[in-house]
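Just so we're aligned, residue 1 is where the sequence shown starts under the UniProt record's numbering, counting upward by one.
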Amino acid sequence: MSLQKAIAVIPGDGIGQEVVPEGRRVLQAVSQKHGIDLEFVDFDFASADYYQAHGTMLPEDWFDSLRGFDAIFFGAVGWPDVVPDHISLWGSLLQFRRSFDQYINLRPCRLLPGVKSPLVGYGPGDVDFYVVRENTEGEYSSIGGKMFEGTDREIVVQETVMTRTGVDRVLKFAFELADSRPNQHLTSATKSNGISITMPYWDERVKIMSENYPEVRQDQFHIDILTANFVLKPNHFDVVVASNLFGDILSDLGPACTGTIGVAPSANINPDGTFPSLFEPVHGSAPDIAGQGIANPIGQIWSGAMMLDHFGETEASADVLEGIESVLSSGDASILTPDLGGRGSTSSLGEAIASTILS
Ligand code: GGG
């Protein structure tokens, strides 16, 4: 039995509460198979229910309650009928990312077998890239304010923040990832023709960083044509590095192009391990389908695989991926969720992946 890993489980809102139990079911199955000792501890905060009861998204001692864990397994946040989205996000997930210095948001985008994709002429293996999203600054800054509110002179300002440390560390991570992959190709998302101070700075830091990685082919696209190219030639990409907002957009678009955002995972990483990293699906709480038991749990399950990788449990992680691919390849409509063309449920899909891993 390997060292015990303590995992804080925060389902959050909406379908987060439905997909997290399936992620946990699969983690339990794979840890049983590989003799990994995972301990799960549940938390009810970072949810609209908690907000309704306490008037805040997090308790005062949230930082100390979470900081000793090896990882956080997170579902989704957002329930706009109860809490405005900017309050729920800034009051929970963005606090975690910033306070735990999870400055990398790693989001794989892969065309999986058996998934009906809108991409014509591409098959599994053709599209397989990572979006590396800067996760603590950029366009997601809380610097700004309002003046003359409610009058004709109303002014609203929000600054984009780029620090040399913040930009360089995400670029370094992305270049190293690209350097470790067979294609050794890094694409940078910019918009330096329109955003004339921060984005040229980003480009300049990319150029300087690239000098340390002579084996990595590097190109850059303005974000507008980059989104077009995600749709038109997704096999061009290997590792894509982007600022916080651009990375958020690209990492929804990428998985949507490969069939469904329901399968997309993410890892919010604190690379030096001072604080816990956080693993969550890319999708949000999806109020439109919440409570129906039809949400696709694969994004959550795959996020669990990324967590195992983070722990160095690479075989167990690969087993989860194989389980996902095997169930998707079966094409069994009674198991697959509606976004995958099936008539199954969140639990039928999670259960099938768990039992495939154990079979
Ligand atoms: N599981 C991801 C989640 O809950 N996302 C909610 C959201 O709005 N996220 C915005 C972001 O990641 O910046």
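Ideal Cβ positions, reconstructed from N, Cα and C, are used throughout, including at glycine.
Please read all numbers here as calculations on a predicted model, not as lab measurements.
Can you tell me whether residue 76 sits near the ligand GGG, meaning its C-beta is under 7 Å from at least one heavy atom of the ligand? To locate residue 76, count along the sequence shown from 1; it is residue 76. Yes, the Cβ of residue 76 comes within 7 Å of a heavy atom of the ligand GGG.
To the nearest angstrom, how far is the alpha carbon of residue 345 from that of residue 55? One-based indexing of the sequence shown puts residue 345 at position 345. One-based indexing of the sequence shown puts residue 55 at position 55. Residue 345 and residue 55: Cα-Cα distance of roughly 33 Å.
Assign residue 19 to one of three DSSP states: helix, strand, or coil. Start at 1 with the first residue of the sequence shown, and residue 19 comes out as number 19. Helix at residue 19.
Expressed to the nearest angstrom, what Euclidean distance is found between the alpha-carbon atoms of residue 69 and residue 151? Here residue 69 refers to the residue found at position 69 when the sequence shown is read from its first residue. Here residue 151 refers to the residue found at position 151 when the sequence shown is read from its first residue. Straight-line Cα distance between these residues: approximately 48 Å.
For residue 130, does the three-state DSSP call read helix, strand or coil? Mapped onto the sequence shown, residue 130 falls at position 130. In the structure shown, residue 130 sits in a strand (DSSP, three-state: E or B).
Which two residues bound the contiguous alpha helix (DSSP H) that contains residue 300? The residue you call residue 300 lines up with position 300 of the sequence shown. Looking at the DSSP string, the run of the alpha helix (DSSP H) that includes residue 300 is 298-310.
Give the C-beta separation of residue 283 and residue 76 to the nearest angstrom, bearing in mind that I take them to be a contact with Cβ-Cβ under 8 Å. Here residue 283 refers to the residue found at position 283 when the sequence shown is read from its first residue. Here residue 76 refers to the residue found at position 76 when the sequence shown is read from its first residue. At roughly 7 Å, the Cβ-Cβ gap stays under 8 Å, so residue 283 and residue 76 are in contact.
Does the distance between the C-beta of residue 222 and the nearest non-hydrogen atom of the ligand GGG fall short of 7 Å? Counted from its first residue, the sequence shown places residue 222 at position 222. Residue 222 Cβ: outside cutoff for every heavy atom of the ligand GGG.
What's the gap between the Cα of residue 347 and the Cα of residue 22? Counted from its first residue, the sequence shown places residue 347 at position 347. Counted from its first residue, the sequence shown places residue 22 at position 22. So the alpha carbons of these two residues sit roughly 6 Å apart.
Sort 37, 327, 288 and 61 by Cα distance to residue 357 and report the nearest one. Locating residue 357 in the sequence shown gives position 357, counting from the first residue. Checked all of 37, 327, 288 and 61; the closest Cα to residue 357 is 327.
Other residues of its chain near residue 302: CB distance less than 6 Å, five sequence neighbours each side excluded: Here residue 302 is taken as the residue at index 302 of the sequence shown, counted from 1. These residues qualify, in order along the chain: 265.
Is it right to say residue 11 is buried, meaning 16 or more other beta carbons lie within 10 angstroms of its own, or is it exposed? Position 11 of the sequence shown, counted from the start, is the residue given in the question as residue 11. Buried is the call here.
Compute the distance between the beta-carbons of residue 73 and residue 9, then report whether it is under 8 Å. Working through the sequence shown from its first residue, we reach residue 73 at position 73. Working through the sequence shown from its first residue, we reach residue 9 at position 9. Yes, the pair counts as a contact, with Cβ atoms nearer than the cut-off.
Could you check what DSSP says for residue 196 in three-state terms: helix, strand or coil? The residue labelled residue 196 in the question sits at position 196 within the sequence shown. Here residue 196 sits in coil by DSSP.
Taking only the alpha-carbon atoms, compute the straight-line gap between residue 256 and residue 241 and give it to the nearest angstrom. On the sequence shown, position 256 is the one that residue 256 refers to. On the sequence shown, position 241 is the one that residue 241 refers to. Distance between the alpha carbons of residue 256 and residue 241: 18 Å.
Do the region 204-215 and the region 134-151 touch if we need at least three Cβ pairs shorter than 8 Å? No, the region 204-215 does not touch the region 134-151.
Assuming contact is defined by CB atoms lying nearer than 8 Å, are residue 238 and residue 129 in contact in what I supplied? Working through the sequence shown from its first residue, we reach residue 238 at position 238. Working through the sequence shown from its first residue, we reach residue 129 at position 129. Yes, Cβ-Cβ distance for residue 238 and residue 129 is below 8 Å.
Chain-order list of residues whose beta-carbon lies under 6 Å from that of residue 296 (same chain, five-residue window excluded): For the purposes of this step, residue 296 is identified with residue 296 of the sequence shown, where counting begins at 1. A distance below 6 Å between beta-carbons, with the five flanking residues on each side excluded, links residue 296 to the following residues of its chain, in chain order: 262, 337 and 339.
For residue 66 versus residue 95, is the C-beta distance shorter than 8 Å? Residue 66 sits at position 66 when you count from the first residue of the sequence shown. Residue 95 sits at position 95 when you count from the first residue of the sequence shown. No. Outside cutoff.
Spatial distance of residue 260 from residue 127 (CA atoms): Numbered from its first residue, the sequence shown carries residue 260 at position 260. Numbered from its first residue, the sequence shown carries residue 127 at position 127. Taking the straight line joining both Cα atoms gives about 14 Å.
Can you tell me where the beta strand (DSSP E) holding residue 74 begins and where it ends? Here the question's residue 74 lines up with position 74 in the sequence shown. Taken as a continuous stretch (DSSP letters only), the beta strand (DSSP E) holding residue 74 covers 71-76.
Any chance the CB of residue 89 is under 7 Å from a heavy atom of the ligand GGG? Taking the sequence shown and counting its residues from 1, the one referred to as residue 89 is at position 89. Checking the 7 Å criterion, the Cβ of residue 89 is within range of a heavy atom belonging to the ligand GGG.
Could you please give the first and the last residue of the uninterrupted beta strand (DSSP E) stretch that includes residue 40? Residue numbering aside, residue 40 sits at position 40 when the sequence shown is read from its first letter. Counting along the chain, the beta strand (DSSP E) containing residue 40 begins and ends at 38-42.
Are the CB atoms of residue 26 and residue 354 nearer to each other than 8 Å? As a working mapping, residue 26 is identified with position 26 in the sequence shown. As a working mapping, residue 354 is identified with position 354 in the sequence shown. Yes, the pair counts as a contact, with Cβ atoms nearer than the cut-off.
Less than 7 Å between the CB of residue 282 and some heavy atom of the ligand GGG, yes or no? Here residue 282 is taken as the residue at index 282 of the sequence shown, counted from 1. Result yes, Cβ under 7 Å from the ligand GGG.
Can you tell which of 278, 164, 333 and 220 has the C-alpha that lies nearest to the C-alpha of residue 309? Translated into the one-based positions of the sequence shown, residue 309 becomes position 309. It is 278 whose Cα lies nearest to the Cα of residue 309.
According to DSSP, simplified to helix, strand and coil, what is residue 162? On the sequence shown, position 162 is the one that residue 162 refers to. The answer is coil: DSSP assigns residue 162 none of H, G, I, E or B.
Sub-8 Å separation of residue 226 and residue 189 beta-carbons: Sequence index remark: in the sequence shown, residue 226 carries index 226 (1-based). Sequence index remark: in the sequence shown, residue 189 carries index 189 (1-based). Result yes, Cβ atoms of residue 226 and residue 189 sit closer than 8 Å.
How is residue 183 classed by DSSP in three states: helix, strand or coil? By 1-based counting over the sequence shown, the position of residue 183 is 183. DSSP places residue 183 in coil when its eight states are reduced to three.
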